[in-house]
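Residue numbers (this note's numbering), protein chains in the order written: chain F, 84 to 329; chain C, 1119 to 1763.
Notes to accompany the following structure.
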Amino acid sequence: MDLTLKIWRQENARAKGKFVTYQVTDISPDSSFLEMLDVLNQQIIDKLEKPVCFDHDCREGICGACGLYINGRPHGPDSAVTTCQLHMRKFKDGDTIVIEPWRAKPFPIIKDLVADRIAFDKIIHAGGYISVNTGGVPDANAIPIPRNLAEISMDAAACIGCGACVAACKNASAMLFVAAKVSQFAVLPQGKVEASERVKAMVAKMDELGFGSCTNTGACEAECPKEISLSHIARLNREFYTAKIC
Amino acid sequence: MATLNSKIPDGPLAEKWTNYKAIQKLVNPANKRKLDIIVVGTGLAGASAAASLGELGFNVKAFCYQDSPRRAHSIAAQGGINAAKNYQNDGDSVYRLFYDTIKGGDYRSREANVYRLAEVSNNIIDQCVAQGVPFAREYGGLLDNRSFGGAQVSRTFYARGQTGQQLLLGAYGALSRQIHKGTVKIFTRNEMLDVVLVDGKARGIITRNLISGEIERHAAHAVVIASGGYGNAFFLSTNAMGSNGSAAWQIYKKGSFFANPAFVQIHPTCIPVHGSFQSKLTLMSESLRNDGRIWVPKKQEDAEAIRAGKLKPTDIPEEARDYYLERRYPAFGNLVPRDVASRAAKERCDAGFGVGTGLAVYLDFTDAIQRLGKEVVEARYGNLFQMYEKIVDENPYETPMMIYPAIHYTMGGTWVDYELMTSVPGLYSIGESNFSDHGANRLGASALMQGLADGYFVLPYTIQNYLADEIRTPKISTDLPEFTEAVKNVQDRLYRLMNIKGKQSVDSFHKKFGLLLWDLVGMSRNKEGLQKALKNFKLLKEEFWKDIRIPGEPEEMNPELEKASRVADFIEIGELMARDALNREESCGGHFREEFQTEEGEALRNDKDFMYVAAWEYKGPDKDPVLHKELLKYENIEVKQRNYK
Ligand SMILES: Cc1cc2nc3c(=O)[nH]c(=O)nc-3n(C[C@H](O)[C@H](O)[C@H](O)COP(=O)(O)OP(=O)(O)OC[C@H]3O[C@@H](n4cnc5c(N)ncnc54)[C@H](O)[C@@H]3O)c2cc1C
Ligand code: SF4
Ligand code: FES
């Protein structure tokens, strides 16, 4: 496949960025999107120029490092995949592809296609866990957990922290990400103990970091590579209101 | 000169760890606050260690090269984690897990370490459940288990096909809690480039800030390396793109012995290689072997027709299929250990029965779907099937998967004693980066167990035995001449790399080297090939330092520079792998020397001459490393030729 790429290039956080156009030829439809960018970077290096920076690590859709805004969609045109799992067979020979970093105020651009998502970690630091120390915990089978609740918890826990939900949202809301964590614990007996502190701390941190509010457009769910459901946001809201009343 | 003292406690096997804990030195709470510990790596081993040490009250600094600790390579583990809970009432016990691990490792690991691992395995599951890890459950609400290769009991706990993710998020949660409390300071996008020794003790590290390129100094009373394995030396592997052996290599050059580098694991169930543009290989979890059956056509002409696209796998009738694992190993069938399964696949493909490109075999779920129904299969493996389909564009519910072995894990690594301390005082190594516990072959679902055992339940004890003698040592200053010198060395190396200004990109070079490593020091090795490898790697090293091209500057985000530095180390690691493989004139576990096999083509160990850990000591850039042997003693287990028939 031969493709035209319009890629956002930006030297560093302070520099002004711009789109630069590149041509790539002979791309295998079986290669992944990031492998296509590897080919481009090889070309750029051959010309003694600086290759395009982008985040990636596992390249199998689980670490959450990769995240590109491709033709106006987080993680590109395929559904339920991360950028690294997107394959070139989803494009046509001769296509023009526009590639940008996540654009959201709480995720400042570091360089080229690399955005800074430390804000997500900060939300977790504020309370996205169950407070237990190592050792001195009960036997794992001491508390039976209904299978359906374990499944809901696992559905929520599948979030990879990629930030596509924020990038997809016109308000740059982090609600889906936060709700996934709140929900994972809220349905488990172990997590109930500090449920109200947790939801209050995480929501407060999210607001403080400049994420926008959720207006229920559902854009996040549509673009989430792990298909995290909006129902978790509903659960977060319930948890949040109960916490405020108590 | 450092000596090899494994510091195994006295007493009967089952009491060693208890006895050790009873008499080891501890640090009181007031003193813990005065002691600093550096942890390099935030995978399962590093995150669990940093969190636990923070909870105890030490000042911890944790480092990772990713933008968040949650993205460490551990996140990608799919299948599960072992523990000797015996929840299934199928005869499991601490001793049996110990036994299986020693046997699976082909009698090349230390009894005392492995027994301790089996002992603490149960605590790990309790810990993770308390953290809210959503393990799979039965309808009655209790935890579910599956079976894994190399065991006849079901002792593997799992969270769909995302066990590593869930365990890592649990450890990351614990770590985040300590970051919030201020006991742990986290440094992300920050890569260790050297360790600093003061008076022979590990006292700090030099890192590069991967955003600004700035070189930083960090000091501590002890340093813990939890940087993962070196499987990416081969370029194509199932590891994350950034996984590397550099931290382990830096400490090797500062006096930490490197043990059993030749012991690498080749995983039997990976998606086969399909093109030269390919950047990594994807693992299909071994748990698939529970219900999938592995086969190739019985007749060569069928295999040829399939390769030519004239026949489909579904066209081959049952009686024309060779379920070669079930045929050769009736007792374990498709669940033989990884090394055995990998070699059997290679044997069939080399003999001309391979499918796909010729380097692939089938993993078939037709029987499982008939026996269990599609829903059950989907519940067990749905996300793996989906992953396969996204990559290969074929539906595994309808046509068998194609798989082939790929580099997956490194049993070799930094030599450590019972306390997980390397041969440098105050320098520890945990998780995949050390050599302990798995001998010559790791059983499935045991790496997660080992990483978390080291980090939650072993290191937080053993490190105190050392730190108890450091309570009078004031804060280590980063102005010491040792730090200044280390910074200079790191900077010189980076500038040297930048100034090569040659023609080859790092990736193209790495691909070339990786292929050679795979051919000569891969699944099957021989003397001639290994000698050739040693010669070639030397030449390649010279070529690398003359002809690599790294654009950009060192003082900016520069992934090409990061990769170049790691690849420079991979070449040297490859050299040591070849040397170790050449020295070990036997076949055991993942190390297969063609000269040493039974008539039936099974690995042939030589216990008389090689029942030892090969620990290599660095002697300088132009000198050969020196081999130290840690003899292995088996007092609680009868050493046998492994038999999975
Ligand atoms: C695809 C796949 C599936 C697997 N499935 C299973 C399974 O089902 N069960 C099982 O038991 N095992 C499994 N394994 C093996 C297991 O996942 C790993 O062995 C284990 O997770 C390693 O953990 P670790 O903490 O030692 O290192 P890693 O998770 O590799 O973490 C390394 C850490 O070190 C950091 N680091 C590295 N170098 C530096 C440096 N120079 N400076 C700063 N930081 C650095 C990284 O940022 C990272 O945080 C699997 C492995 C793979 C590849
Ligand atoms: S909720 Fe979905 S889109 Fe948002 S961070 Fe998690 S996985 Fe990514
Ligand atoms: S690189 Fe890990 S999810 Fe894409």
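Idealized CB from N, CA, C, for every residue including glycine.
Owing to the predicted nature of the structure, the values given are computational and were not obtained by experimental measurement.
What's the call for residue 1209 of chain C, buried or exposed, on a 16-neighbour Cβ count within 10 Å?
Position 91 of the second sequence, counted from the first residue, corresponds to residue 1209 of chain C. Answer is exposed; the Cβ neighbour count stays below 16.
Applying a beta-carbon distance threshold of less than 8 Å, which residues of chain C neighbour residue 307 of chain F?
Position 224 of the first sequence, counted from the start, is the residue given in the question as residue 307 of chain F. Neighbours of residue 307 of chain F on chain C: none; closest Cβ ~15 Å, over 8 Å.
Listed from N- to C-terminal order along the chain, which residues in the region 139-160 of chain F have their beta-carbon within a distance smaller than 9 Å of any beta-carbon of chain C?
For the region 139-160 of chain F, which is checked against every Cβ of chain C, the residues closer than 9 Å are 139, 140, 141, 142, 143, 144, 145, 146, 147, 148.
Per DSSP, what kind of secondary structure is residue 1549 of chain C in: helix, strand or coil?
In the second sequence, the residue the question calls residue 1549 of chain C occupies position 431. Residue 1549 of chain C falls in the helix class under three-state DSSP.
Could you say which of C/1340, C/1322, C/1297, C/1310 lies nearest to residue 1331 of chain C if we only look at CA atoms?
Translated into the one-based positions of the second sequence, residue 1331 of chain C becomes position 213. It is C/1310 whose Cα lies nearest to the Cα of residue 1331 of chain C.
Under 9 Å between beta-carbons, which chain C residues line up against residue 237 of chain F? List them in chain order, please.
If you number the first sequence from 1, residue 237 of chain F lands on position 154. Ordered by position in chain C, the residues that pass the 9 Å Cβ test against residue 237 of chain F are 1252, 1253, 1254, 1277, 1278, 1280, 1284.
Could you have a look at residue 1133 of chain C and say whether DSSP puts it in helix, strand or coil?
Along the second sequence, read from residue 1 onward, the residue named residue 1133 of chain C stands at position 15. In this structure, residue 1133 of chain C counts as helix in the three-state DSSP scheme.
Grouping DSSP H, G and I as helix and E and B as strand, with all else coil, what is residue 1453 of chain C?
Numbered from 1 along the second sequence, position 335 holds the residue referred to as residue 1453 of chain C. Residue state, collapsed to three classes: helix.
Less than 7 Å between the CB of residue 260 of chain F and some heavy atom of ligand 2, yes or no?
Taking the first residue of the first sequence as 1, we reach residue 260 of chain F at position 177. Yes, ligand 2 has a heavy atom inside 7 Å of this Cβ.
If we define contact as Cβ-Cβ less than 8 Å, is residue 1119 of chain C a contact residue for chain F?
Stepping through the second sequence from its first residue, residue 1119 of chain C is reached at position 1. Its pLDDT being 47, under 50, residue 1119 of chain C is placed unreliably in this model, and the value from its coordinates should be taken loosely. Closer than 8 Å: no.
Spatial neighbours of residue 1563 of chain C within its chain, please: C-beta separation below 7 Å, excluding the five flanking residues on both sides.
Here residue 1563 of chain C is taken as the residue at index 445 of the second sequence, counted from 1. The answer, listed in chain order, is 1197, 1198, 1199, 1200, 1266, 1274.
Is it true that the CB of residue 1559 of chain C sits closer than 8 Å to the CB of residue 1218 of chain C?
By 1-based counting over the second sequence, the position of residue 1218 of chain C is 100. By 1-based counting over the second sequence, the position of residue 1559 of chain C is 441. The answer is no: Cβ separation not under 8 Å.
Is residue 331 of chain F close to chain C? Criterion is C-beta to C-beta, closer than 8 Å.
The structure shown does not extend to residue 331 of chain F, since chain F is modelled only from 84 through 329, so no value can be given for it.
Just list the residues that DSSP pairs residue 1524 of chain C with in beta bridges.
The residue you call residue 1524 of chain C lines up with position 406 of the second sequence. In the DSSP output, where bridge partners are listed per residue, residue 1524 of chain C has C/1385.
Tell me whether the region 1653-1663 of chain C and the region 1715-1722 of chain C touch, counting them as touching only if at least three CB pairs, one residue from each stretch, are closer than 8 Å.
No, the region 1653-1663 of chain C is not in contact with the region 1715-1722 of chain C.
Could you list which residues in chain D have their beta carbon closer than 7 Å to that of residue 1292 of chain C, in chain order?
Among the protein chains in the structure shown, which are F and C, there is no chain D.
Just to confirm before moving on: does the CB-CB distance between residue 1703 of chain C and residue 1676 of chain C stay below 8 Å?
Your numbering for residue 1703 of chain C matches position 585 in the second sequence. Your numbering for residue 1676 of chain C matches position 558 in the second sequence. Not a contact, by the Cβ cut-off of 8 Å.
Going along chain C in order, which residues have a C-beta closer than 7 Å to the C-beta of residue 132 of chain F?
If you number the first sequence from 1, residue 132 of chain F lands on position 49. Chain C residues near residue 132 of chain F: 1669.
Going along the chain, which residues of its own chain have a beta-carbon closer than 7 Å to the beta-carbon of residue 1315 of chain C, five neighbours each way excluded?
Residue mapping note: residue 1315 of chain C aligns to position 197 of the second sequence, counting from 1. Excluding positions up to five away in sequence, the list reads 1321, 1372, 1542, 1600.
If you run the structure through DSSP and keep just helix, strand and coil, what is residue 1178 of chain C?
Here residue 1178 of chain C is taken as the residue at index 60 of the second sequence, counted from 1. Of the three classes helix, strand and coil, the one that applies to residue 1178 of chain C here is strand, per DSSP.
Quick check on the burial criterion: 16 or more other C-beta atoms within 10 angstroms. Buried or exposed for residue 1531 of chain C?
By 1-based counting over the second sequence, the position of residue 1531 of chain C is 413. Buried: at least 16 other Cβ atoms inside 10 Å.
By DSSP, does residue 1761 of chain C sit in helix, in strand, or in coil?
Locating residue 1761 of chain C in the second sequence gives position 643, counting from the first residue. Looking at residue 1761 of chain C - three-state DSSP - the assignment turns out to be coil, as it is neither helix nor strand.
Output, in chain order, the set of chain F residues within a Cβ distance shorter than 9 Å of residue 1576 of chain C.
For the purposes of this step, residue 1576 of chain C is identified with residue 458 of the second sequence, where counting begins at 1. Those within 9 Å of residue 1576 of chain C in chain F number zero; the least Cβ separation is about 11 Å.
Roughly how many angstroms lie between the CA atoms of residue 1313 of chain C and residue 1740 of chain C, to the nearest whole one?
As a first step, residue 1313 of chain C must be located in the second sequence, where it is residue number 195. As a first step, residue 1740 of chain C must be located in the second sequence, where it is residue number 622. If you take the alpha carbons of residue 1313 of chain C and residue 1740 of chain C, they lie about 21 Å apart.
Can you find the residues in the same chain that come closer than 6 Å, C-beta to C-beta, to residue 1297 of chain C, ignoring five residues on each side of it along the sequence?
Taking the second sequence and counting its residues from 1, one reaches residue 1297 of chain C at position 179. Closer than 6 Å at the Cβ level, and outside the excluded window around residue 1297 of chain C, lie 1304.
Do you know whose CA, among F/321, F/287, F/137, lies nearest residue 202 of chain F's CA?
Locating residue 202 of chain F in the first sequence gives position 119, counting from the first residue. Nearest C-alpha to residue 202 of chain F: F/287.
Could you have a look at residue 1533 of chain C and say whether DSSP puts it in helix, strand or coil?
To locate residue 1533 of chain C, count along the second sequence from 1; it is residue 415. Looking at residue 1533 of chain C - three-state DSSP - the assignment turns out to be coil, as it is neither helix nor strand.
Could you check what DSSP says for residue 1154 of chain C in three-state terms: helix, strand or coil?
Taking the first residue of the second sequence as position 1, residue 1154 of chain C is located at position 36. Of the three classes helix, strand and coil, the one that applies to residue 1154 of chain C here is strand, per DSSP.
Which residue wins for smallest C-alpha separation from residue 1103 of chain C, given the options C/1679, C/1279, C/1344, C/1249?
The structure shown does not extend to residue 1103 of chain C, since chain C is modelled only from 1119 to 1763, so the question has no answer here.
Let me check you understand the geometry: is the CB of residue 201 of chain F closer than 7 Å to at least one non-hydrogen atom of ligand 2?
Here residue 201 of chain F corresponds to residue number 118 of the first sequence, with the count starting at 1. Checking the Cβ of residue 201 of chain F against ligand 2 gives no.
Just checking residue 1547 of chain C against ligand 1 - is the residue's beta carbon closer than 7 Å to any of the ligand's heavy atoms?
Here the question's residue 1547 of chain C lines up with position 429 in the second sequence. Outside the cutoff, so no.
What residue from C/1557, C/1624, C/1688 has the CA that sits closest to residue 1533 of chain C's CA?
Indexing the second sequence from 1 puts residue 1533 of chain C at position 415. The shortest Cα separation from residue 1533 of chain C among C/1557, C/1624, C/1688 belongs to C/1557.
Can the beta-carbon of residue 1387 of chain C be found closer than 8 Å to that of residue 1404 of chain C?
One-based indexing of the second sequence puts residue 1387 of chain C at position 269. One-based indexing of the second sequence puts residue 1404 of chain C at position 286. A contact, by the Cβ cut-off of 8 Å.
Which chain C residues are close to residue 281 of chain F, counting only those with a beta carbon under 7 Å from its beta carbon?
Translated into the one-based positions of the first sequence, residue 281 of chain F becomes position 198. The contacting residues do not exist; residue 281 of chain F stays about 11 Å from chain C at best.
Contact criterion: CB-CB distance below 8 Å. Does residue 1145 of chain C meet it with respect to chain F?
Position 27 of the second sequence holds residue 1145 of chain C. Not an interface residue.
From the DSSP secondary-structure annotation, give me the bridge partner or partners of residue 157 of chain F.
What you label residue 157 of chain F is simply residue 74 of the first sequence in a count that begins at 1. Beta-bridge pairing links residue 157 of chain F to F/152.
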